[in-house]
Amino acid sequence: MEPIENKENVLRKLPGVDRILELSKENGRYNDIPKSVLVNSIRFVIEELRAHIIKNEAPISIETQNILDRVRQKVEENMQPNLRRMVNGTGVVIHTNLGRSLLAKEAVAGIDEIAAAYSNLEFDISKGKRGLRYSAIEELLCQISGAEAGMAVNNNAAAVLLCLETMAKGKEVIVSRGELVEIGGSFRIPDVMAKSGGILREVGTTNRTHARDYEAAVAQNTGLLLKVHTSNYSVMGFTAEVSLKELVEIGAEHHLPVMEDLGSGTFVDFSKYGLAKEPTVQESVSTGVDVVTFSGDKLLGGPQAGLIVGKREIIEKIRKNPLTRALRIDKLTLAALERTLRLYRDPDHVVKAIPTLRMLTEPFEHIEKKAARLLRSLEKLEEPRLRVSTKNISSKTGGGSLPLLNLPSKCLELQIKNMTASRIEKAMRANDPPIIGRIEDDIFIIDLRTVLDDESSIICDAVTGILQKPGK
Ligand SMILES: *Cc1c(COP(=O)(O)O)cnc(C)c1O
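Per my numbering, the very first residue in the sequence shown carries number -10; after that it's consecutive.
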């Protein structure tokens, strides 16, 4: 600790921003750095040192060289974009915190093309007149899902809000108590219902709801029957739910529209690939349901979007709702969504072309090989402090989909002498690009299911970097 009486002295000796700026400019390093970035970095460093001295914390060097080093580090930090790529070693395929779905290369090319030039976003080329934003995807959506009409908005939360507002404002919406889901904290069916102006009419119990419960709840002011796919949990044991098909029959009997929030929504029958059965959009549409909503970036593997398919009459009403303008899909998303949907026209190819589907259906032997290759590359480093091995684990789908499914996978176990697992985890996270794994049984592990083929070298470089850092 610096003695109190020294504080003023030390503060006086602290160089000013101008002095450090002058010294920094002598170095060609900053020629391509905007002056504002350099000045802000210097200010930040000097302020930080001043605060440190005032707080009388542990002694700190105010040598010019030390200040210049700190400035260099701060400039580097400031020059790096805040939103950056990362390596997902968690094995969670649809990881909401890490950006959910990776786009197929065709979708990326679509964004590239549409972003930098003018486009027919709302222009009918053949007529030379104003066109509809949804034309780019409507026919595709209908072809794939079997629906009469379709559109897309910002995300599925927006789609649900919009549908409820259009069909049930001021009216009762009947929902099973077993389906009042919460997704990721901020999306809760009762809350979205309240915001839409719909009146929630809960029926049944948490584990069992019967057709007669819906029937008994139908009243003068009923506006809609709603089914919500319990994406992120499963009610097991003594249970009963009313299928969408039955709900559609009840709706028809009472002349009430029926809506389904499918959540993750998929066009692919995952049971064909040995995974758990998820209801497909086509199956829902085939029941004659009025409207189905689902996400673009969960099991669909496209960009963030909320897709709405169903009866033409209702889709037209939704389009005319002024709220639609506030929730509309942007052109880059639309470009990526269209190119993603196009891939679904070839069901055999699509599971390879869309990264989310490829990772979910990736055979264990492939992941095993990827793990073995990475293991060999790390062993080749011949670092005596490094201990690596592979282990069987299970990965998760994530994104509130297939919650009970454990996908057999392979991970890399990474140990470094004199470093705890949590310090390795922190160092990997501090890498550029950051590598996110997890600690299991006190060992840092990377699940290879979600690691892309060209990311193995990033992991090797990161490990080399960590081993080279002094004092570790
Ligand atoms: C994920 C999910 C939503 C929200 O979808 P976003 O695309 O994340 O807005 C709504 N309902 C259900 C059932 C979901 O699983």
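C-beta: ideal position from N, C-alpha, C; glycine also.
Using C-beta distances below 8 Å, list every residue in its chain close to V377, excluding the 5 sequence neighbours before and after it, in chain order.
L364, L367, E368, L401, E402, L403 and Q404
Backbone CA spacing between A419 and S275 [nearest angstrom]:
49 Å
Under the three-state DSSP convention, the category K234 falls into
Three-state DSSP puts K234 in a helix.
Suppose contacts are defined by Cβ-Cβ distances below 7 Å. Is A502 in contact with I428 by that definition?
A query on residue 502 cannot be resolved here, the shown segment of the chain reaching from -10 to 461 and no further.
Exposed or buried, which one is M225 when buried takes at least 16 other CB atoms within 10 Å?
exposed
Spell out a yes or no on whether the region 211 to 225 and the region 246 to 255 are touching, meaning 3 or more CB-CB pairs, one atom from each, closer than 8 Å.
yes
Count the other CB atoms within 10 Å of the CB of D21; is the residue buried (16 or more) or exposed (fewer)?
exposed
Let me check one thing: in DSSP terms, what residues is A436 bridge-paired to?
Residue identity differs from the one stated: residue 436 is Asp in this sequence, not Ala. Beta-bridge analysis with DSSP links D436 to C400.
Provide the residue span of the alpha helix (DSSP H) that contains A183, from first to last.
Where A183 is concerned, the enclosing alpha helix (DSSP H) stretches over I178 to S185.
Best match in S398, Y262 and H199 for proximity to S232 [C-alpha to C-alpha]
H199
Taking V281 as part of the beta strand (DSSP E), name the residues at either end of that continuous run.
Unbroken beta strand (DSSP E) run through V281: V280 to S284.
How about F227: is its Cβ closer than 6 Å to a heavy atom in ligand 1?
no
Assuming G295 is part of the beta strand (DSSP E), what are its boundary residues?
G295 to G299
If you run the structure through DSSP and keep just helix, strand and coil, what is S124?
S124 carries a helical assignment under DSSP once its states are collapsed to helix, strand and coil.
Measuring alpha carbon to alpha carbon, tell me which residue in I318, P336 and R438 is nearest N144.
Residue I318 is the option with its Cα nearest to N144.
What do you reckon, is the C-beta of A315 under 6 Å from a heavy atom of ligand 1?
no
If I measure Cβ to Cβ from E(-9) and keep anything under 8 Å in the same chain, skipping five residues before and after, which residues do I get?
Confidence is the limiting factor: at E(-9) the pLDDT is only 45, short of 50, which leaves the residue's position unreliable and the question unanswerable from this model.
Roughly how far, in whole angstroms, is the beta-carbon of I163 from the beta-carbon of A206, given that I think they are within contact range, below 8 Å?
Beta-carbon to beta-carbon, I163 and A206 are separated by about 5 Å, close enough to satisfy the 8 Å threshold.
State the Cα-Cα distance for the pair V40 and L121, rounded to the nearest angstrom.
The question names Val, yet the displayed sequence has Ala at residue 40. Note on geometry: alpha-carbon atoms of A40 and L121 lie some 57 Å from one another.
I356 classed as buried or exposed, judged by whether at least 16 other C-beta atoms fall within 10 angstroms
buried
Just verifying my parser: in three-state terms, what is the DSSP assignment at F112?
strand
Can you check DSSP and say which residues form a bridge with T379?
L401
Under 7 Å, do I83 and K287 count as touching if we go by C-beta distance?
yes
By DSSP, does P4 sit in helix, in strand, or in coil?
Coil at P4, not helix or strand.
Per DSSP, what are the beta-bridge partners of L189 in this structure?
According to DSSP, which records beta bridges pairwise, L189 is partnered with V162.
What residue range is occupied by the uninterrupted beta strand (DSSP E) comprising R334?
Run containing R334: none; DSSP gives neither H nor E here.
Regarding A495 and ligand 1, is the C-beta to nearest heavy atom distance less than 6 Å?
No answer is possible for residue 495: it lies beyond the span of the chain, which begins at -10 and ends at 461.
Alpha carbon to alpha carbon, how far is L91 from K461? Give it in angstroms, no decimals.
The predicted model places K461 with a pLDDT of 41, which falls under 50 and marks its position as unreliable, so this point remains unresolved.
Would you tell me roughly how many angstroms separate the C-alpha atoms of K399 and P344, rounded to the nearest one?
18 Å
Over what stretch of residues does the beta strand (DSSP E) that includes V247 continue unbroken?
V247 to G252
Looking at D279 and ligand 1, is the gap between the Cβ and the nearest heavy atom below 6 Å?
Within 6 Å of the C-beta of D279 there is not a single heavy atom belonging to ligand 1.
At a cut-off of 6 Å, is D250 close to ligand 1 when judged by its beta-carbon and the heavy atoms of the ligand?
yes
Determine the closest residue to L12 out of D58, E37 and R1, with distance taken between C-alpha atoms.
D58
Presumed contact (8 Å Cβ cut-off) between V64 and V26, rounded CB distance
6 Å
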